[in-house]
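Chains A and B supply the protein sequences, listed in that same order. Just so we're aligned: 229 in my numbering is position 240 of the first sequence, and the numbers increase by one with no gaps anywhere. Every number in my numbering is 43 more than the matching position in the second sequence, counting from 1. Backbone N, C-alpha and C define an ideal beta-carbon position, used for all residues, glycine too. Below: one structure, written as structure tokens.
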Amino acid sequence: MTPFRLALLSLTRRKIPSIIAIIAIALSVASSGVLLRMYELSGSRFSTMGDGGDAVIAAKAGGIEIVLNSLNGEGDYPGFLPYNLFKSLRSEQTVNFEDGANSQAHYLKLVIPVLHFARHNDYRVIGTDDTFFQRPVASQAVEVQTGRTAKKQGEIVIGAQLAEQEGLSIGSDFNAKLWTGDARDDAEIPFAVVGILKPTHKIWDTMGFTTVEQAQNALAMSSVNTIWGNQVLSYFFVYLKPKGAEQLRTLINGRTVGQVAFVEAEKQKLFDLTGTGRELGFLMAAFIIGLGGLCVAGMLITRFDAMATQIAVLRAIGYSRAQISAWLLLEGTLLGAISCLIGALLDALALPFVRSMLGSALPPEALVSSSIWQSAPVWVAAVLSTAFAVVVPLVRFYRQDVHLSLRSA
Amino acid sequence: MALCYPLMQIEIKNAVVTLPVSGRELFSIEHFHVPAGSKILIHGASGKGKTTLLHLMAGLLKPKTGSIKLGGHMLTDLSDDARAKVRREHVGFIFQKLNLIDHLTCEENVRLGRAVVPKDAMDEALRKVGLYERRQELSVKLSLGEQQRVAVARVLASHASVILADEPTSSLDSHNADLVMSALLSAAGSQSTLIVVSHDERLRKRFSRTLHFEDLVSA
């Protein structure tokens, strides 16, 4: 009888201990896999976050919320800023206030307008202008790969990932739904794709970009009712001249309806807030898989200890050490492999549920997907730890004196 | 069909056997020769070293000094795995109890005897010991007597040249002891060398040659 068959029969015939071991390891694999993927997802925020210059100006809100919504497409529909404020800032005109004070924004290098107004299967569609594609910092460039940017009514340029996932090319029809955060606004807006962006590996790859004018026209047809009518924007992405930060903060936070979020500072705050949790999650994943491995080691030691005499009988009837070692190793590996399969299945089923429970604590599924293969290191660790768990019984077996074992039986 | 497998004699020379931990001498054998095909009962009181002698002949332990030859194989010169190979190819072993792997069926236990056991040989062996109908049952569900008969079937199916039996009937009632011994002698046939060590007096009548353990060894 081959070692493989011996291992298979040992696993299938001793059902209850085998099932308990498999459940224990599968749960360890599933928990560790989910934790590991959450760790990756949490980290993906920082790798997929779009570049928005030095600062983002938005309606009054928390700094992290502004950055996550504007640069990572997370959260609810954003509030509005007056378009006139954007125009004043861009043209570096003097902004006059009711109390007689005025300010001239000569510390701005570039201001990019952004208006969120539609979605296509959870991918956001925004109105902006050519400055979005002409960043002053080369590393933050968002370039058109094929076609051109949107100029006229009904034209749109889309991100590389969106084009690939939806199978879109230049000339394709692209239907988006009006999105204002109000359920009544669900009118369909037809576009034709006129350009596809180069992959940026940022959130921009999943977005559609059209003109501010089109976006404002769409809002005019919606239930949105602001004191500025449809002359609004969601965000201004601001590139600052040196030492301009404090002046911008004083102007926007102190004297307008807007709020400045300095991108790097807010990202650092977010990293500090989530960092401890991420590291803890990663440690927990390692801890759980270690615990699972120890459980299996304990179970296998007990299992093979109970078989010491029977192993001695096998040795007496001529089984070599190599054959019995192969049996033990195969039994451990099979146990690990079956458990991993079940654990991976549980992992795949559990993560969407966990994501929905955690809500905005993780990036939305439509924007950042998580492949089950991200859990592969856990599976490798589980199979290795179950195989390693056989080491103790193996060492004992190698030290076994067959003569004494049979005599004392 | 007549079975042909090598006739094997056993020869022990100047063997000194010591206790594993203390190193104290347990017994020594100046010369003991078992001709090929012979059927021998070695009897004696419990605890004197009969099992150790049997294990010595199977190569399960090595003497401190001296030599043990099984057929053409000098066991004392071979490695642990090489001795296991000799046992696998030529030796059949039967113990007093715990002969079988309890999560395997009767026929699977019979298959353990050799790398390849033809189905015909396995079925025939199980028929000879009267357990063919129960071949699919787990061995743990069998009585001790039935388990001994499965162990005999394993030896039978493996066509062992040398059969070593350690107290094969000591835990059995007379009826089962008779059944097991009949099966064992049938398994040995005329060609296999059969050595049984036992303190069971009921076995003497089944053997033409019996030896007293104390006469073989010097303590």
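Looking at the secondary structure, which residues open and close the alpha helix (DSSP H) in which residue i lies?
| i | result |
| --- | --- |
| Leu166/B | The question names Leu, but residue 166/B in the sequence shown is Asp. 162 to 171 is the span of the alpha helix (DSSP H), which, as asked, contains Asp166/B. |
| Val287/B | Since the first residue shown for chain B is 44 and the last is 262, residue 287/B is missing from the structure and cannot be characterised. |
| Thr366/A | The sequence given here has Pro at residue 366/A, not Thr. Pro366/A -> alpha helix (DSSP H) spans 365 to 378. |
| Asn206/A | 201 to 209 |
| Arg414/A | The structure shown does not extend to residue 414/A, since chain A spans only -10 to 398, so no value can be given for it. |
| His133/B | 123 to 133 |
| Glu151/B | 149 to 154 |
| Phe256/B | 256 to 259 |
| Asn219/B | 217 to 231 |
| Ser394/A | 391 to 396 |
| Ala101/B | 93 to 101 |
Is there a Cβ of chain B sitting closer than 7 Å to that of residue i, yes or no?
| i | result |
| --- | --- |
| Ser374/A | no |
| Met(-10)/A | yes |
| Gly22/A | no |
| Ala(-4)/A | no |
| Leu383/A | no |
| Ser394/A | no |
| Ile306/A | yes |
| Ser309/A | yes |
| Arg2/A | yes |
| Val379/A | no |
| Val391/A | yes |
Under 7 Å between C-beta atoms, does residue i make it to chain A?
| i | result |
| --- | --- |
| Gln120/B | The sequence given here has Asp at residue 120/B, not Gln. Not one chain A Cβ lies under 7 Å of Asp120/B. |
| Thr212/B | no |
| Ala231/B | no |
| Ala208/B | no |
| Phe256/B | no |
| His74/B | no |
| Phe136/B | yes |
| His242/B | no |
| Arg130/B | yes |
| Ile144/B | yes |
| Ala226/B | no |
| Leu46/B | Model confidence at Leu46/B stands at a pLDDT of 47, short of 50, so the residue's coordinates are unreliable; what they give is reported in the following sentence. Not one chain A Cβ lies under 7 Å of Leu46/B. |
| Asp216/B | no |
| Ala125/B | no |
Where do the N-terminal and C-terminal ends of the beta strand (DSSP E) with residue i fall, by residue?
| i | result |
| --- | --- |
| Glu354/A | Note, Glu354/A: premise wrong, no beta strand (DSSP E); not H, not E. |
| Ile159/A | Here Ile159/A belongs to no beta strand (DSSP E), and DSSP marks it neither H nor E. |
| Ala107/A | 97 to 109 |
| Val239/B | 236 to 241 |
| Ala208/B | 205 to 209 |
| His76/B | 68 to 77 |
| Gly136/A | 133 to 136 |
| Val159/B | That residue, Val159/B, is in no beta strand (DSSP E); it is neither H nor E in DSSP. |
| Ile111/B | 108 to 113 |
| Leu246/B | Per DSSP, Leu246/B belongs to no beta strand (DSSP E) and is neither H nor E. |
| Val64/B | No beta strand (DSSP E) holds Val64/B; DSSP gives it neither H nor E. |
| Val126/A | Val126/A -> no beta strand (DSSP E), and no H or E assigned at all. |
At least three beta-carbon pairs within less than 8 Å, the region 88 to 104 of chain B to the region 176 to 192 of chain B: Look at the beta carbons and you see the region 88 to 104 of chain B not touching the region 176 to 192 of chain B: under three pairs across the two are nearer than 8 Å.
Members of the region 151 to 177 of chain B near chain A, C-beta cut-off 9 Å: Glu151, Arg154, Leu155, Gly156, Arg157, Ala158, Val160
Complete runs of the beta strand (DSSP E) confined to the region 22 to 78 of chain A [at least 3 residues]: Qualifying beta strand (DSSP E) stretches, in chain order: 44 to 48.
The region 323 to 343 of chain A in contact with the region 67 to 79 of chain B per 3-pair CB rule at 8 Å: no
Inter-stretch contact at 8 Å, needing at least 3 Cβ pairs: the region 152 to 168 of chain B / the region 240 to 255 of chain B: The region 152 to 168 of chain B vs the region 240 to 255 of chain B: no contact.
The region 218 to 225 of chain B in contact with the region 58 to 67 of chain B per 3-pair CB rule at 8 Å: The answer is no - the region 58 to 67 of chain B does not touch the region 218 to 225 of chain B, with fewer than three Cβ pairs under 8 Å.
Interface positions of the region 98 to 116 of chain B facing chain A (Cβ-Cβ less than 8 Å), listed along the chain: His98, Ala101, Leu103, Leu104
Where the region 290 to 302 of chain A meets chain B: residues whose CB sits under 7 Å from a CB there: Thr298, Gln299, Val302
Contained beta strand (DSSP E) runs [length at least 3] in the region 181 to 269 of chain A, N- to C-terminal order: 197 to 200, 224 to 229, 247 to 251
Any 3 or more C-beta pairs closer than 8 Å across the region 295 to 310 of chain A and the region 131 to 146 of chain B: A contact between stretches requires three or more CB pairs, one per stretch, nearer than 8 Å, and the region 295 to 310 of chain A meets this requirement with the region 131 to 146 of chain B.
Inter-stretch contact at 8 Å, needing at least 3 Cβ pairs: the region 218 to 233 of chain A / the region 32 to 46 of chain A: Contact between the region 218 to 233 of chain A and the region 32 to 46 of chain A is established, with three or more Cβ pairs separated by less than 8 Å.
The region 232 to 247 of chain A / the region 100 to 116 of chain A touching (three or more Cβ pairs under 8 Å): no
Members of the region 108 to 119 of chain A that neighbour chain B once the beta carbon cut-off is set at 9 Å: none
Residues within the region 71 to 95 of chain B neighbouring chain A, beta-carbon criterion of under 9 Å: Thr94, Thr95
Proximal residues, the region 57 to 70 of chain B versus chain A, C-beta separation under 8 Å: Pro63
Every unbroken alpha helix (DSSP H) within the region 264 to 331 of chain A, with a cutoff of 4 residues, ordered by chain: Every unbroken stretch of the alpha helix (DSSP H) spanning 4 or more residues and falling wholly within the region 264 to 331 of chain A is given here in chain order: 297 to 305.
The region 20 to 28 of chain A contacting the region 265 to 276 of chain A, beta-carbon criterion three pairs below 8 Å: yes
Segment contact flag, the region 271 to 286 of chain A with the region 54 to 68 of chain A, C-beta cutoff 8 Å, min 3 pairs: no
Contacting positions in the region 20 to 54 of chain A - beta carbon closer than 9 Å to chain B: none
Cβ pair count under 8 Å reaching 3, the region -9 to -1 of chain A against the region 305 to 320 of chain A: yes
The region -4 to 11 of chain A contacting the region 147 to 161 of chain A, beta-carbon criterion three pairs below 8 Å: no
At least 3 beta-carbon pairs within less than 8 Å: the region 281 to 296 of chain A vs the region 372 to 391 of chain A: yes
Cβ contact check for the region 317 to 333 of chain A and the region 112 to 120 of chain B: 3 or more pairs under 8 Å: no
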